[in-house]
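The structure appears below as structure tokens.
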Amino acid sequence: MAPIAVMAAEEGPDPLLPHTSELIVGLVAFALLFFFLRAKVYPIFEKTYAERAAAIQGGARKAEEAQAEAQRLLEEYRAQLADARSEAARIREDAKQQGAAIIAQAREDAEAEAKRVAARAEAQLQAERDQVMRELRGEVGTLATTLAGKVVGESLQDDDRSRRVVERFLADLETAQASDAVTTAPGDS
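full-length UniProt numbering numbers the first residue of the sequence shown as 1 and each following residue consecutively.
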């Protein structure tokens, strides 16, 4: 091993160590580059970094604000939707009640109209019945007068007298029919 160490010592300076002049030039160049970068480039990097950090923080803040606004709008929308649903339910209930009232009113109107029509028809029937009875009395009176004239053999020309006789006869006949109807009423049998 000794021969190798002797050979290394004889060759001269160590090839791994730089010369002193190169080391000084390298340190000066490094110092100049360092001061240049620190004076010119570093502030630009620092400014850009601060702007990006502010933008990120501002974006995060804006995102939080937007999220809060969206949540507020969602709650407002839900409240409006609930109000709209309750309003729709109230309107449906009102419509049902109004429909029932309209149906009841229409039913009452129809019943009233039916009663009016029935009363009018009954009154008309009563009027027609009375008219037929008057006409029938007149005809019966005329026939009775003619028949009595034929039976008696003389003409009963006195109209007032014959009319009074016929009316008295018909009144007696109606009274007799009414008393017969009362005595033979359905509840008596």
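The beta-carbon is built from N, C-alpha and C at its ideal position, and this holds for glycine as well. Values in this document were obtained by computation on a predicted structure and should not be read as measured data.
- The three-state secondary structure of residue 184, taken from DSSP, is coil.
- With a beta-carbon spacing of about 15 Å, residue 170 and residue 129 fall beyond the 8 Å limit used to define contacts.
- In this structure residue 166 does not touch residue 146 by the C-beta definition: roughly 11 Å separates them, more than the 8 Å allowed.
- Taken in chain order, the region 8-92 contains no complete beta strand (DSSP E) segment of 3 residues or longer.
- Judged by their CB atoms, residue 26 and residue 13 are not nearer to each other than the 9 Å cut-off.
- Counting of Cβ neighbours within 10 angstroms places residue 141 among the buried residues, the total reaching 16 or more.
- In this structure, the straight-line span from the alpha carbon of residue 143 to that of residue 135 is close to 12 Å.
- Straight across, the Cα-Cα distance linking residue 91 with residue 57 is about 50 Å.
- If one requires a minimum length of 4 residues, no alpha helix (DSSP H) run lies completely within the region 94-133.
- Distance between residue 45 and residue 52, taken at the CA atoms: about 10 Å.
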